[in-house]
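Residue numbers (this note's numbering): -7 to 236.
Think of the CB as a built atom: it goes at the ideal place given N, C-alpha and C, for glycine as much as any other residue.
Please read these numbers as outputs of a predicted model, since none were measured by experiment.
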């Protein structure tokens, strides 16, 4: 699906960094699901890189080999800094390819492998020689770059301690006014007849920004179709929230 020049200009002006592209001015920052490596997927050519699940290894589809990457568990705030071993292809739904050992170190839920990926510029003061987890870190730097769409674990504590069914949402874009969100919602409805319009939600934040969200989805599999659909529509980065 191709956007005309007017729409592209409109979104660039109105949207808070929605059609995000890698550039040299700020480090890559995105949140989503990690692809946890397994040998069978490599044998079946689902992924092209052979990795060792007993080692701390990661690979990205757009960052170059040797890039320093900070991986963060959005639930626990534990993080791990590793060097990207390869620029490789893997299913587009995922943000990064990691080994089982990385997932274990970060205490990532294998069934819901939420992760934040942050590129660290090597000319910055912080340069990691070895991967290490800092459990004491509870908050990311306020200077971390803001992406067009966010992923965060905002599960609420339930007093009766019963398990809450996970509900996922795609945060499509963030705008500075509700009219822009309404315009994009209308455009998605008009140009994408397969999309369930009932899932499109306009939500205002306390900071006067407005989000266009799609959801809820009861499982990762149910989310995938719309995620890929929106990617094909023209969005380069889409992130996910859980139990919003």
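{"Item": "Inter-stretch contact (C-beta, 8 Å, three-pair minimum) for the stretch 18 to 32 and the stretch 94 to 102", "Value": "yes"}
{"Item": "Own chain residues within Cβ distance below 6 Å of residue 142, not counting five before or after", "Value": "Annotation note: pLDDT 41 at residue 142 (below 50); position unreliable, coordinate value reported separately. Around residue 142: 163 and 231."}
{"Item": "Those runs of the alpha helix (DSSP H) which lie wholly inside the stretch 37 to 112 and span at least 4 residues", "Value": "92 to 97"}
{"Item": "Reduced DSSP category for residue 27 - H, G, I as helix; E, B as strand; rest coil", "Value": "strand"}
{"Item": "Extent of the continuous beta strand (DSSP E) to which residue 188 belongs", "Value": "From DSSP, residue 188 is part of no beta strand (DSSP E); its letter is neither H nor E."}
{"Item": "C-beta atoms of residue 191 and residue 218 nearer than 8 Å", "Value": "yes"}
{"Item": "Per-residue DSSP class, three states only, for residue 170", "Value": "helix"}
{"Item": "Coil, strand or helix - residue 204 by DSSP", "Value": "strand"}
{"Item": "Presumed contact (8 Å Cβ cut-off) between residue 201 and residue 85, rounded CB distance", "Value": "That belief does not hold up - the Cβ atoms of residue 201 and residue 85 are roughly 26 Å apart, past 8 Å."}
{"Item": "Where residue 18 falls: helix, strand or coil (DSSP)", "Value": "coil"}
{"Item": "Three-state secondary structure assigned by DSSP to residue 211", "Value": "coil"}
{"Item": "Assigned exposure category for residue 54 - 16 Cβ within 10 Å defines buried", "Value": "exposed"}
{"Item": "DSSP-derived helix/strand/coil call for residue 175", "Value": "helix"}
{"Item": "Residue 174 to residue 206 span [Cα, whole Å]", "Value": "13 Å"}
{"Item": "Where residue 145 falls: helix, strand or coil (DSSP)", "Value": "Confidence in residue 145 is poor, its pLDDT being 42 and thus under 50, which makes the residue's placement too unreliable to answer from."}
{"Item": "Pick from 112, 57, 81 and 188 that is closest to residue 72, judged by C-alpha positions", "Value": "112"}
{"Item": "Cα-Cα separation between residue 37 and residue 43, rounded to whole angstroms", "Value": "13 Å"}
{"Item": "Whether residue 274 touches residue 221 by CB criterion (8 Å)", "Value": "Because the chain in this structure spans residues -7 to 236, residue 274 falls outside the shown range and cannot be described."}
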